[in-house]
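A.B. asks: Have a look at the structure that comes next, please.
2 protein chains.
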Amino acid sequence: MSSDSPSGEDKLIARFFGPVATDPGALGLTDDAAFIKPPAGCEMVLKTDAIVGGIHFFPEDPPSAVAQKALRVNLSDLAAKGAKPLGFLVSLALPKEIDDAWLTGFASGLREDAAAYKCPLFGGDTVRSPGPIMVSVATFGSVPEGRMVRRSTAKPGDHVFVTGTIGDAVLGLGLRQGASWPLDAAQREHLLSRYLLPRPRNALAQAVLDYASAAMDVSDGLAGDLAKLCRVSVVSADIDAARVPLSDAAKAVIAQDASQLAPALSGGDDYEILCTVPPGNIDRFRVAAMAAKTAVTDIGVIVGGGGARFRKADGTMLVFERAAFSHF
Amino acid sequence: MSSDSPSGEDKLIARFFGPVATDPGALGLTDDAAFIKPPAGCEMVLKTDAIVGGIHFFPEDPPSAVAQKALRVNLSDLAAKGAKPLGFLVSLALPKEIDDAWLTGFASGLREDAAAYKCPLFGGDTVRSPGPIMVSVATFGSVPEGRMVRRSTAKPGDHVFVTGTIGDAVLGLGLRQGASWPLDAAQREHLLSRYLLPRPRNALAQAVLDYASAAMDVSDGLAGDLAKLCRVSVVSADIDAARVPLSDAAKAVIAQDASQLAPALSGGDDYEILCTVPPGNIDRFRVAAMAAKTAVTDIGVIVGGGGARFRKADGTMLVFERAAFSHF
Chain A
5 MSSDSPSGED
15 KLIARFFGPV
25 ATDPGALGLT
35 DDAAFIKPPA
45 GCEMVLKTDA
55 IVGGIHFFPE
65 DPPSAVAQKA
75 LRVNLSDLAA
85 KGAKPLGFLV
95 SLALPKEIDD
105 AWLTGFASGL
115 REDAAAYKCP
125 LFGGDTVRSP
135 GPIMVSVATF
145 GSVPEGRMVR
155 RSTAKPGDHV
165 FVTGTIGDAV
175 LGLGLRQGAS
185 WPLDAAQREH
195 LLSRYLLPRP
205 RNALAQAVLD
215 YASAAMDVSD
225 GLAGDLAKLC
235 RVSVVSADID
245 AARVPLSDAA
255 KAVIAQDASQ
265 LAPALSGGDD
275 YEILCTVPPG
285 NIDRFRVAAM
295 AAKTAVTDIG
305 VIVGGGGARF
315 RKADGTMLVF
325 ERAAFSHF
Chain B
5 MSSDSPSGED
15 KLIARFFGPV
25 ATDPGALGLT
35 DDAAFIKPPA
45 GCEMVLKTDA
55 IVGGIHFFPE
65 DPPSAVAQKA
75 LRVNLSDLAA
85 KGAKPLGFLV
95 SLALPKEIDD
105 AWLTGFASGL
115 REDAAAYKCP
125 LFGGDTVRSP
135 GPIMVSVATF
145 GSVPEGRMVR
155 RSTAKPGDHV
165 FVTGTIGDAV
175 LGLGLRQGAS
185 WPLDAAQREH
195 LLSRYLLPRP
205 RNALAQAVLD
215 YASAAMDVSD
225 GLAGDLAKLC
235 RVSVVSADID
245 AARVPLSDAA
255 KAVIAQDASQ
265 LAPALSGGDD
275 YEILCTVPPG
285 NIDRFRVAAM
295 AAKTAVTDIG
305 VIVGGGGARF
315 RKADGTMLVF
325 ERAAFSHF
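Those sequence lines, one after another, are chains A and B. If you're matching positions, the first sequence starts at 5 in the working numbering and goes up one per residue. If you're matching positions, the second sequence starts at 5 in the working numbering and goes up one per residue.
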C-alpha cells in the first residue's frame with residue numbers, strides 16, 4: 005500500500021512552498037494549520053485579496069511576478085492601515101497546464117517577497133481548477149492595539165497626501181492592450197513594470213500610523229478611492245488635479261493626449277497610499293516620509309460636505325467617466 | 005460625476021456580506037482591512053482552504069450549501085487543532101452567470117453558519133472570473149498559547165479515535181455520480197447530505213485540546229490522513245478495520261458490495277476528527293465527548309515504526325488502491 009508516501013499535493017507544498025514558510029508557527033507546512041501571536045500590546049490586521057489570470061494579470065506574465073502581485077496587493081492594504089506585515093496564507097487554483105517550471109518561478113517570487121517584506125508564509129492550499137489561475141492571499145499584520153488607521157476618520161482641514169505617482173499602472177495596462185503612445189523605451193518600461201508589479205509603500209506604514217488621520221491604499225483609482233474615503237468620513241475633498249503626482253512617462257502620454265488625464269486619475273492598480281494628515285502633523289509626516297525614502301505629495305484639502313472634487317488649473321472640474329474601477 | 009456613489013463591488017459587499025460581518029473589528033466591511041486580537045493568553049490558529057465548482061462541489065448545488073461547505077472545511081481544521089473559531093475572510097471568484105438569487109442564497113448560508121459556529125466574517129474580496137465558482141476561505145481561531153494540537157505528537161501506546169462515521173461523503177459522491185446501490189430513501193439522503201455539507205466537529209475542540217496527544221481532521225480519507233499523522237509523528241498505527249465507524253447507509257452499501265470498504269476508508273470529505281489519546285486520558289476524553297454530544301470510536305493503537313496498517317477481522321491487511329485523495 006502507498007499510504008506512507010506523501011500525496012501529490014503534500015509533495016507539491018513541501019517542495020515549492022516549504023521554503024517560504026520560515027516562521028516556526030508555520031510548522032514547515034506539515035500540519036493542518038499554523039499558529040501566531042501578535043506582538044505584546046498589538047492586535048492583528050486582516051486582509052484578503054485575490055487575483056485571477058486574464059482579469060488582474062496576463063496568463064503569460066512571469067510566474068514570479070504573478071506571485072508577487074498577489075502578495076503585494078495585500079501588503080499595500082497593510083501599509084495603508086499603518087500595520088507591519090506578520091505573514092500570509094495563500095490559496096492557489098491551478099489549471100492542468102501549470103508545470104513545475106511555472107511553480108518554481110511562482111515559489112521563487114513568493115520567497116523573494118516574503119523575505120523582502122518580512123512576511124513569511126503560514127499556510128496554503130492548492131486546488132486544480134478547470135478555469136484560469138487564481139491566487140487568493142490572506143495577509144495579517146500588527147498594529148498597536150486600537151490604532152489601525154481607518155478610512156472613516158478624515159477631518160475638514162486635513163491635507164490629502166498620496167505617495168509615489170498615480171496612473172502609471174493603468175497606462176501600462178493600456179500599452180499591454182496595444183495603445184501606441186510615442187514613448188521612449190525607458191518610459192514604456194516604467195509604465196509596463198508598474199502594471200506588472202505593484203510597489204506597495206510598506207516603508208511608509210509607521211509614518212501613516214504616527215501622523216495620518218485616515219488612510220487607504222489606492223487600488224481602484226485615485227478618484228474613486230478618495231470618494232470612498234470621503235463617503236465613510238462624511239467629508240469632501242478639494243483636490244488640485246495639477247498637483248497629483250505623475251511620472252515622466254505618464255506626463256509624456258498626457259502631453260500627447262490630454263484625454264488620458266482623467267483615466268490616469270481614476271484607473272486602478274496604483275497601490276499607492278492615500279492619506280489625510282492634520283495640519284499640525286504635516287511637517288513631521290514629511291520628515292518621516294523622507295526618512296522612509298517615500299515620495300509624498302500634498303494634493304488638496306479635506307472640507308465639509310460629501311464627495312471629492314478634482315479642480316483643474318483653470319478652476320473647472322475634472323469629470324470622470326468612471327470614478328472607480330470595479331469588475332461588477 | 006459618479007464618484008460619490010459606491011462602485012458595483014462595494015454595493016455587492018455591503019448588501020450581501022455586511023450582515024455577516026458582526027464583529028466590531030470588521031468595521032462593517034467599510035474599510036480596507038479589519039482588526040482582531042486573540043483572547044488574553046491565547047494565540048491565533050490560521051488555516052486556508054478553497055473549493056472550486058466542478059471539483060469540490062457541483063455547480064448546481066444550492067448556493068447556501070456552497071457557502072457552508074467552504075466555511076466548514078476550514079472550521080473542521082480549527083476543531084482538530086483544539087481551537088475556537090474567531091472569524092474568517094472569504095475570497096470569491098464568480099462567473100458572469102451568477103445572479104442576485106445565487107448571491108442571496110450564498111450569503112444566507114454564510115450568515116447562518118457564522119452565527120451557528122460563532123465565526124463572523126472579517127473581510128472579503130469578490131472578483132469576476134471566466135472560470136468556475138471558487139470560494140477561498142481563511143479562518144482564524146484561538147488556542148491557549150503554545151497548545152495548538154499538532155499532527156506530529158502521537159506516541160506509541162496512544163489509542164486512535166475518530167469522530168462520527170467514515171466514508172459517507174465519498175459514497176454520497178458515488179451516488180451523485182450515478183452509482184446504483186439499492187438503498188432506501190433515508191440511506192440515500194444520509195450519504196448525499198454528508199457529501200453536500202460537512203458537519204465539522206467543533207463541539208469536540210475543547211476535548212481534543214484537553215486530552216488528545218495529536219490530531220488532524222479527516223478531509224482526504226482516513227487511511228491517507230492517518231498515514232500523514234503517522235509519518236510526521238514517526239510512529240505506526242495498528243487499526244482494526246472492523247472498528248472503523250460506519251453509518252447504516254455505508255454498511256448497507258458495503259454489505260452489497262464489499263469492494264466499497266477500501267474506498268470508504270480512503271475517500272475524502274469526511275471532515276471528522278482523527279486523534280490519538282494517551283491511555284490515561286481515554287476515560288476523560290470519552291466523558292468530554294459525550295458531554296459534547298459527539299460520537300467517538302477507538303479504532304486502534306499507535307505503535308513504533310512508520311505508516312498505518314488496517315487489519316481486517318481475518319487478520320489480513322486491507323489494501324488501498326489510493327490511500328489519500330489528491331487532485332495532483
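C-beta atoms are modelled at their ideal positions from N, C-alpha and C, and glycine is treated no differently. It should be emphasised that the depicted structure is a prediction, and the values quoted were computed from it without experimental measurement.
#1: Using only CA atoms, which one of A:A190, A:K51, A:V164, A:A293 lies nearest to I243 (chain A)?
#2: For D258 (chain A), decide whether its Cβ has a neighbour in chain B, counting only Cβ atoms nearer than 8 Å.
#3: Looking only at C-alpha atoms, which of B:G127, B:R76, B:K41 sits nearest to A54 (chain B)?
#4: Suppose you measure from the CA of A190 (chain B) to the CA of S251 (chain B); what does that come to, to the nearest Å?
#5: Is it buried or exposed for V153 (chain B), if we count other Cβ within 10 angstroms and need 16 for buried?
#6: Pull out every residue of the region 33-50 of chain A whose Cβ sits closer than 9 Å to any Cβ of chain B, in chain order.
#7: So, are the CB atoms of C234 (chain A) and G311 (chain A) less than 8 Å apart?
#8: Of all the CB atoms in chain B, is at least one closer than 8 Å to the CB of I243 (chain A)?
#9: If you measure from the beta carbon of G128 (chain A) to each beta carbon in chain B, is any gap under 8 Å?
#10: With DSSP as the reference, identify every bridge partner of P124 (chain B), one or two as the case may be.
#11: Using a Cβ-Cβ distance cut-off of 8 Å, determine whether L177 (chain A) contacts chain B.
#12: Closer than 8 Å by C-beta to P99 (chain A): which residues in its own chain qualify, once you throw out the five before and the five after it? Chain order, please.
#13: Which of the three DSSP states, helix, strand or coil, is assigned to S7 (chain B)?
#14: If you measure beta-carbon to beta-carbon, which residues of the region 17-29 of chain A are closer than 9 Å to chain B?
#15: So, do the region 17-30 of chain A and the region 92-112 of chain B have three or more beta carbon pairs nearer to each other than 8 Å?
#16: What does I277 (chain A) pair with, by DSSP beta-bridge criteria?
#17: Work out the CA separation of G145 (chain B) and R52 (chain B) for me, nearest whole Å.
#18: Any Cβ of chain C within less than 8 Å of the Cβ of G135 (chain B)?
#19: Please tell me whether D36 (chain B) and R155 (chain A) are closer than 8 Å, where the distance is taken between their beta carbons.
#20: Which residues, in chain order, does the region 214-231 of chain B contribute to contact with chain A at a C-beta distance below 8 Å?
#21: Kindly list the residues whose CB is nearer than 8 Å to the CB of P63 (chain A), restricted to its own chain and excluding five residues on each side of it in sequence; keep chain order.
#22: Return the first residue and the last residue of the alpha helix (DSSP H) that F338 (chain B) is part of.
#23: Can you tell which of A:I59, A:A219, A:A246, A:M220 has the C-alpha that lies nearest to the C-alpha of A266 (chain A)?
#24: Buried or exposed: S263 (chain A), going by 16 or more other Cβ atoms within 10 Å of its Cβ?
#25: In or out: A38 (chain A) buried (at least 16 other Cβ within 10 Å) or exposed?
#26: Could you compute how far the alpha carbon of G86 (chain A) sits from the alpha carbon of G284 (chain B)?
#27: Measure the alpha-carbon distance for S6 (chain B) versus G168 (chain B) and round it to whole angstroms.
#28: Against chain B, with Cβ distances strictly below 8 Å, would I59 (chain A) count as a contact?
#29: For M220 (chain A), is the classification buried or exposed, using 16 other Cβ atoms within 10 angstroms of its Cβ as the cut-off for buried?
#30: If I'm right that A296 (chain B) touches A211 (chain B) with Cβ under 8 Å, what's the distance once you round it to whole angstroms?
#31: Do F314 (chain B) and L269 (chain B) have their C-beta atoms closer together than 8 Å?
#32: Using a Cβ-Cβ cut-off of 8 Å, state whether S95 (chain A) counts as contacting chain B.
#33: Report all residues from its chain with a CB closer than 6 Å to the CB of A74 (chain B); omit the five preceding and five following residues, and keep chain order.
#34: On the three-state DSSP scale, how would you describe P43 (chain B)?
#35: Quick one: complete alpha helix (DSSP H) runs, 4+ long, within the region 82-129 of chain B?
#36: What residue from B:V147, B:K255, B:Q260 has the CA that sits closest to L90 (chain B)'s CA?
C.D. replies: According to the structure shown:
#1: For the purposes of this step, residue 243 (chain A) is identified with residue 239 of the first sequence, where counting begins at 1. Of the candidates A:A190, A:K51, A:V164, A:A293, the one whose C-alpha sits nearest the C-alpha of I243 (chain A) is A:V164.
#2: Your numbering for residue 258 (chain A) matches position 254 in the first sequence. Note that residue 258 (chain A) is Ile in the sequence shown, not Asp. It does not: the Cβ of I258 (chain A) has no partner Cβ on chain B nearer than 8 Å.
#3: Counting from 1 along the second sequence, the entry for residue 54 (chain B) is found at position 50. Ranking the options by Cα distance to A54 (chain B), first place goes to B:R76.
#4: Here the question's residue 190 (chain B) lines up with position 186 in the second sequence. Here the question's residue 251 (chain B) lines up with position 247 in the second sequence. When rounded, the distance between both Cα atoms is 12 Å.
#5: Mapped onto the second sequence, residue 153 (chain B) falls at position 149. Buried: at least 16 other Cβ atoms inside 10 Å.
#6: T34, D35, D36, A37, A38, F39, I40, K41, P42, C46, E47, M48, V49, L50
#7: Counting from one through the first sequence, the residue named residue 234 (chain A) turns up at place 230. Counting from one through the first sequence, the residue named residue 311 (chain A) turns up at place 307. Against a cut-off of 8 Å, the Cβ pair of G311 (chain A) and C234 (chain A) comes out as a contact.
#8: Counted from its first residue, the first sequence places residue 243 (chain A) at position 239. Chain B contact via Cβ: absent.
#9: Numbered from its first residue, the first sequence carries residue 128 (chain A) at position 124. Cβ-Cβ to chain B under 8 Å: yes for G128 (chain A).
#10: Along the second sequence, read from residue 1 onward, the residue named residue 124 (chain B) stands at position 120. Answer by DSSP bridge pairing: none, since P124 (chain B) is not bridged.
#11: As a first step, residue 177 (chain A) is located in the first sequence; it is residue number 173 there, counting from the start. Chain B, which has no Cβ nearer than 8 Å to the Cβ of L177 (chain A), makes this no.
#12: As a working mapping, residue 99 (chain A) is identified with position 95 in the first sequence. Here the set comprises R132, S133, P134, G135, P136, I137.
#13: Against the second sequence, residue 7 (chain B) aligns to sequence position 3. Only weak support exists for where S7 (chain B) lies, its pLDDT of 35 falling under 50; the value from the coordinates is given anyway. Coil at S7 (chain B), not helix or strand.
#14: G29
#15: no
#16: Walking along the first sequence from the start, residue 277 (chain A) turns up at place 273. Beta-bridge pairing links I277 (chain A) to A:D221.
#17: Against the second sequence, residue 52 (chain B) aligns to sequence position 48. Against the second sequence, residue 145 (chain B) aligns to sequence position 141. It should be pointed out that residue 52 (chain B) corresponds to Thr in this sequence rather than to Arg. Rounded to the nearest angstrom, the two C-alpha atoms are 12 Å apart.
#18: The displayed structure is made up of protein chains A and B, and chain C is not among them.
#19: Position 32 of the second sequence, counted from the first residue, corresponds to residue 36 (chain B). Position 151 of the first sequence, counted from the first residue, corresponds to residue 155 (chain A). Yes. Within cutoff.
#20: M220, D221, D224, A227, G228, L230, A231
#21: Here the question's residue 63 (chain A) lines up with position 59 in the first sequence. The answer, listed in chain order, is G57, P136, I137.
#22: An answer regarding residue 338 (chain B) cannot be provided, because it is not within the stretch 5 to 332 covered by chain B.
#23: The residue you call residue 266 (chain A) lines up with position 262 of the first sequence. Selected option, being the one with the closest Cα: A:A246.
#24: Counted from its first residue, the first sequence places residue 263 (chain A) at position 259. So S263 (chain A) ends up on the exposed side.
#25: Along the first sequence, read from residue 1 onward, the residue named residue 38 (chain A) stands at position 34. Result: buried.
#26: The residue you call residue 86 (chain A) lines up with position 82 of the first sequence. The residue you call residue 284 (chain B) lines up with position 280 of the second sequence. Approximately 49 Å between the Cα atoms of the pair.
#27: Within the second sequence, residue 6 (chain B) is the residue found at index 2, counting from 1. Within the second sequence, residue 168 (chain B) is the residue found at index 164, counting from 1. Bear in mind that a pLDDT of 32 at S6 (chain B), under 50, signals an unreliable position, so the number given afterwards is only what the model happens to contain. Roughly 55 Å separates the two Cα atoms.
#28: In the first sequence, counting from the first residue as 1, residue 59 (chain A) sits at position 55. Taking Cβ atoms only, chain B reaches closer than 8 Å to I59 (chain A), which makes this a yes.
#29: What you label residue 220 (chain A) is simply residue 216 of the first sequence in a count that begins at 1. So M220 (chain A) ends up on the buried side.
#30: Numbered from its first residue, the second sequence carries residue 296 (chain B) at position 292. Numbered from its first residue, the second sequence carries residue 211 (chain B) at position 207. Yes, they are in contact, since the Cβ atoms of A296 (chain B) and A211 (chain B) sit about 6 Å apart, within 8 Å.
#31: Here the question's residue 314 (chain B) lines up with position 310 in the second sequence. Here the question's residue 269 (chain B) lines up with position 265 in the second sequence. Yes, they are a contact pair.
#32: Position 91 of the first sequence holds residue 95 (chain A). Output row for S95 (chain A): interface = yes.
#33: Within the second sequence, the letter at position 70 stands for residue 74 (chain B). Once the five neighbours on either side are set aside, the close Cβ partners of A74 (chain B) are I55, V139, V141.
#34: The count along the second sequence starts at 1 and reaches residue 43 (chain B) at position 39. The answer is coil: DSSP assigns P43 (chain B) none of H, G, I, E or B.
#35: 104-120
#36: Your numbering for residue 90 (chain B) matches position 86 in the second sequence. It is B:V147.
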